[in-house]
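Peer 1:
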Amino acid sequence: MKNDDIFLNQNKKSITQGNSFLNKGGKGKEIWVYIILGIWALINLFPVYWMFTFSLKSNEEIFGNNVAGLPKEWLWSNYEKAMGVGHIGKYFLNSTIIAIVTIAIVMLFSLMATFTLTRFIWKGRKRMNAFFMLGLTIPIHAAIVPIYVTLSKLHLLNSYLSLIIPYAAFSLAMGILICTGFMQELPMDLDEAACIDGCGVWGIFFRIIVPLMKPAVATVSIYTFLQCWNELMFANVFISDSAHKTLPVGVQALSGQYTTDWGPIGAALVLATFPTLIFYVFFSKKIQDSFIAGAIKG
């Protein structure tokens, strides 16, 4: 019996030592993972830091020995020049109006089209869905000439609609594609239960379907926002008056032919880029939920 007890104690000690070794090894691996992730985060955040400090420097510092360091003199006047001389405030407002209206149009028509394609049975719905998906195969700038001619004949050039209509049209196919993947997974029992309770078609759509589509709405909103906010070619061709120009065109106009003051350009880039980051921060949770939901459904 004593020999058995000694043997059991030795086994317990060896198991305890093995567990402690594994725990130490696991903690060591976790430390290295955190270190690598921290370095990766710094690498990704450095462009944001560099752009912000770039916007507060003079040309001498930007092209001198202080390229990546903090500004020796914090030139907040660069933002005043960008807002005043460069009219970035006006262009920022124009981009905001165009983006908000485009997102609203894309979301409304994407959800309604998807609702019709997935919840109703009618002849030709598959062909109609394939017709919508053709929009994904057409490069946005390949249609610039016919769109320009059409807008010119409709007297819509140099207006918000000259950008809102093309942006919404080219974002609609992706919006329908994303919404279709989610709406197909919603059980038809919800529609039947709502119908029994007295809901009509519009009641089912707005009270049942739309609230369940929040992850898809967030995903489509960010996609559409990026398409509108960063687009330059349409904004440069369809808009010639300063009253309706957008941020990318305004930033481009800050660059002079012979001499360029890069500080205000950096300030304009900060004003153009940071709203995109803030927009993503507020909607990132919905984006992650949409990816998780898509993985579970797949």
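Using our numbering, read the sequence shown as starting at 6 and increasing by one per residue.
Note that the Cβ used here is the ideal one computed from N, Cα and C, for glycine as well.
1) Is the beta carbon of V72 closer than 8 Å to that of S176?
2) Apply the 10 Å Cβ neighbour rule to V256 and answer buried if 16 or more other Cβ atoms are within range, or exposed otherwise.
3) Give every residue of the same chain whose Cβ lies closer than 7 Å to the Cβ of I152, excluding the five residues on either side of it in the sequence, and list them in chain order.
4) Leaving out five residues before and five after I181 in sequence, what residues of the same chain have Cβ atoms less than 7 Å from its Cβ?
5) Closer than 6 Å by C-beta to N134: which residues in its own chain qualify, once you throw out the five before and the five after it? Chain order, please.
6) For P76, count the other beta carbons within 10 Å of its own beta carbon; 16 or more makes it buried, fewer makes it exposed. Which is it?
7) Can you tell me which of A178, G203, F187 puts its alpha carbon nearest to the alpha carbon of I214?
8) In terms of residue numbering, what span does the alpha helix (DSSP H) encompassing V90 cover?
9) Skipping 5 residues on each side, what residues in its chain have a beta carbon closer than 7 Å to that of M88?
10) Given a cut-off of 8 Å on the beta-carbon distance, is the pair I244 and N163 in contact?
11) Would you say T281 and I103 are within 8 Å of each other, going by their C-beta atoms?
12) What separation, rounded to the nearest whole angstrom, lies between the Cα atoms of E66 and V275?
13) Of all the options W207, V90, L168, which has the alpha carbon lying nearest to the alpha carbon of S260?
14) Need the endpoints of the alpha helix (DSSP H) that R212 sits in, please.
15) Could you say if the segment 205 to 219 and the segment 43 to 58 meet the contact criterion of at least three C-beta pairs nearer than 8 Å?
16) Hey, how far is the Cα of L161 from the Cα of A248?
17) Quick check on the burial criterion: 16 or more other C-beta atoms within 10 angstroms. Buried or exposed for F26?
18) Give the DSSP-derived three-state secondary structure of M218 in the structure shown.
19) Using the C-alpha atoms, what's the distance from L168 back to I201?
20) Give me, in chain order, the residues of the same chain whose beta-carbon lies closer than 7 Å to that of Q189; leave out the 5 immediate sequence neighbours on both sides.
21) Below 8 Å on the Cβ atoms is my contact criterion, and I expect L80 with K62 to pass it. Report the Cβ-Cβ distance as a whole number of Å.
Peer 2: Looking at the atomic coordinates:
1) Annotated as distal: S176 and V72, with beta-carbon spacing of 8 Å or more.
2) That one is buried.
3) Closer than 7 Å at Cβ, skipping near neighbours: P171.
4) Same-chain partners within the cutoff: S115, A118, T119, F137.
5) So the list reads L122, once near-sequence residues are dropped.
6) With 16 or more Cβ atoms within 10 Å of its Cβ, P76 is classed as buried.
7) Its Cα nearest to that of I214, the residue F187 stands out among A178, G203, F187.
8) Counted as a single uninterrupted DSSP element, the stretch harbouring V90 is not any alpha helix (DSSP H), since DSSP gives it neither H nor E.
9) Same-chain partners within the cutoff: G94.
10) Yes. Within cutoff.
11) The answer is no: Cβ separation not under 8 Å.
12) Between E66 and V275, the C-alpha separation is close to 18 Å.
13) Ranked by Cα distance from S260, the first of W207, V90, L168 is V90.
14) Here R212 belongs to no alpha helix (DSSP H), and DSSP marks it neither H nor E.
15) As far as the Cβ criterion goes, the segment 205 to 219 does not touch the segment 43 to 58, which means the pair count is below three.
16) Using only the alpha carbons, I get a separation of about 14 Å.
17) Its pLDDT being 48, under 50, F26 is placed unreliably in this model, and the value from its coordinates should be taken loosely. Around the Cβ of F26, a 10 Å sphere holds fewer than 16 other Cβ atoms; the residue is exposed.
18) Of the three classes helix, strand and coil, the one that applies to M218 here is coil, per DSSP.
19) Straight-line Cα distance between these residues: approximately 43 Å.
20) Scanning its chain for C-beta atoms nearer than 7 Å, with the 5 sequence neighbours on each side dropped, one finds around Q189 the residues T123, in chain order.
21) That belief holds up - the Cβ atoms of L80 and K62 are roughly 7 Å apart, short of 8 Å.
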